[in-house]
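Numbering (full-length UniProt numbering), first residue to last: 1 to 231.
Spelled out as structure tokens, the structure:
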């Protein structure tokens, strides 16, 4: 579908919100691309606009100006249904809180995106078991989220995001609710899977030490792109 080296492309992206009679600028004239297989961390102070940027990249919010292309398609020109279809096909999401469905087991939670995509139950179960094994949950597949530790729940959430082998994973503070040891373990798993599956990975984090482990670091301050540094 897209012969470009880029999974996501942003040109002149801006975002403003109406606050009564005032317009509040959150992001201003941002330019950057996400290459296939690239890992990027987005850092910045609370309120700098980094989470807003992630939502725009995922088609969860609409920019006030500029262009965002996902797999070559300008999502700012598509209707909500078409954006949703692209998002389901090419993106995976991980959040600070796992958002696993409490009434289902880890295996059933990870199978869900595949079943929604109309994969057979047998094939979905096989694929979900394989990815759960990769994140170290082969012995915990039958457990519900309440029976898992915080780190295990987040690993299950990562497995769910990656089970479809998306072109890009977007993660908003995926280690923010974990202690230092578990945060490091979860990041190890994400980066290992990202390299193994050759998917792109964009992670918002407040932890600059963890951020430094990515291919590139994007720093956002007051809605502006200040630094985009490669190793």
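Every residue gets a Cβ at the ideal spot worked out from N, C-alpha and C, and that includes glycine.
Predicted model, so just to flag it, every value in this text is computed and none were measured.
Could you spell out the range, first to last residue, of the beta strand (DSSP E) harbouring residue i?
i	result
residue 39	39 to 43
residue 65	65 to 70
residue 219	216 to 221
Have a look at the DSSP bridge pairing and note the partners of residue i.
i	result
residue 27	15
residue 91	168
residue 74	69
residue 60	Residue 60 is not bridged to any residue.
residue 9	33, 69
residue 22	19
Just to confirm the assignment, what range does the alpha helix (DSSP H) spanning residue i have?
i	result
residue 111	106 to 116
residue 132	121 to 134
Quick test of your reading: residue i and residue j, contact by CB under 8 Å. State the CB separation rounded to the nearest angstrom.
i	j	result
residue 161	residue 92	3 Å
residue 241	residue 66	Because the chain spans 1 through 231 in this model, residue 241 falls outside it and cannot be assessed.
residue 187	residue 194	The Cβ separation is near 10 Å, so there is no contact.
residue 131	residue 163	5 Å
residue 144	residue 105	6 Å
residue 203	residue 159	Their Cβ separation, rounded to whole angstroms, is 16 Å, which puts residue 203 and residue 159 out of contact at 8 Å.
residue 36	residue 9	The Cβ separation is near 12 Å, so there is no contact.
Start-end ranges of the alpha helix (DSSP H) lying completely within the stretch 136 to 221, minimum 4 residues: 150 to 162, 180 to 197, 208 to 211
Next item on the list: Flag this pair as touching only if the stretch 142 to 152 and the stretch 32 to 41 have three or more C-beta atom pairs under 8 Å; answer yes or no.
Entry: no
Practice prompt. Could you say if the stretch 202 to 210 and the stretch 9 to 23 meet the contact criterion of at least three C-beta pairs nearer than 8 Å?
Written response: no
The stretch 213 to 224 touching the stretch 47 to 60, judged by at least three CB pairs closer than 8 Å: yes
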